[in-house]
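Here's the structure we're looking at; comments come further down.
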Amino acid sequence: MSNKINGLFNVLFVCGLAALPAAVQAQTPKSLPPKRIVCSCAELRFILKPGASQTFLLPTVQSPVRIEVSFTLLNAGTQEPSELMYAVVNQDPSSKQLTWIGTNNDGSTAGSSSLKGNLIASIFGGAPPTTNASLEVASAPARTLAIKQNAATTIIPGHYIVRFYF
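Positions 30 to 195 (the working numbering) are the ones given, in order, by the sequence shown.
This is the structure we're talking about:
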């Protein structure tokens with residue numbers, strides 16, 4: 030009797046092992062090719078005097094919006110380490126709060142939300158904490174952001190190009 034049970038166990042065990050790869054393979058999803066979509070781009074150009082700000086609306090889309098900001102004082106100098114800040118921003122459809130990952134002109138990056146603060150990214154005047162310009166949340170429910178130029182660290186108008194990809 031013991032030999033019959035062992036033989037039956039061996040048959041079941043071998044059959045179980047043979048079925049295992051099929052079960053594992055059935056659980057592995059197929060790789061999906063990226064779906065080609067049409068992306069939109071928008072651009073704003075403006076000049077801010079020290080202490081001024083410019084608000085703008087995010088596009089009304091239910092997907093992340095990439096924002097690139099170029100800043101120059103047109104004073105024959107180059108802002109170090111760069112004249113760029115950028116962010117990826119999204120609005121939660123239920124809470125209407127904004128979430129983001131923002132990158133400062135020195136390459137430092139931070140993620141946050143409008144529940145914790147308003148500062149998204151900065152252009153530093155040489156090094157932090159000296160800030161020449163900032164990208165901030167003006168109103169999360171209204172999808173409004175603002176670029177602010179600091180009057181304490183700049184004395185001439187800043188020229189800005191803001192691009193949105195969505």
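We put the CB at the ideal spot given by N, CA and C, even for glycine.
Because the structure is a prediction, the values reported are computed rather than measured.
Item, Value
"Let me check understanding here. Comparing Cα to Cα, which of 162, 110, 100, 169 lies closest to residue 128?", "169"
"Sort 71, 58, 158, 59 by Cα distance to residue 191 and report the nearest one.", "71"
"For the beta strand (DSSP E) that residue 151 lies in, which residues bound it at each end?", "148-153"
"Grouping DSSP H, G and I as helix and E and B as strand, with all else coil, what is residue 91?", "coil"
"Would the beta-carbon of residue 179 fall within 8 Å of that of residue 79?", "yes"
"Checking the sheet assignment: what are the DSSP bridge partners for residue 187?", "77"
"Would you list, in sequence order, the uninterrupted beta strand (DSSP E) runs of no fewer than 3 residues that lie entirely inside the region 82-130?", "82-86, 94-101, 113-120"
"Just to confirm my understanding: we take residue 181, look at its own chain, exclude 5 residues before and 5 after, and list those with CB closer than 7 Å. What are they?", "none"
"Take every Cβ of the region 123-138, pair it with every Cβ of the region 158-178, and state whether three or more of those distances are shorter than 8 Å.", "yes"
"Three Cβ pairs or more, each shorter than 8 Å: is that satisfied between the region 108-119 and the region 153-167?", "yes"
"Can the beta-carbon of residue 102 be found less than 8 Å from the beta-carbon of residue 94?", "no"
"Who are residue 160's beta bridge partners in DSSP?", "153"
"Give me the Cα-Cα distance between residue 66 and residue 117, rounded to the nearest whole angstrom.", "18 Å"
"Please tell me whether residue 189 and residue 113 are closer than 8 Å, where the distance is taken between their beta carbons.", "no"
"How big is the Cα-Cα spacing for residue 115 and residue 98?", "6 Å"
"The beta strand (DSSP E) that contains residue 140, what's its start and end?", "138-142"
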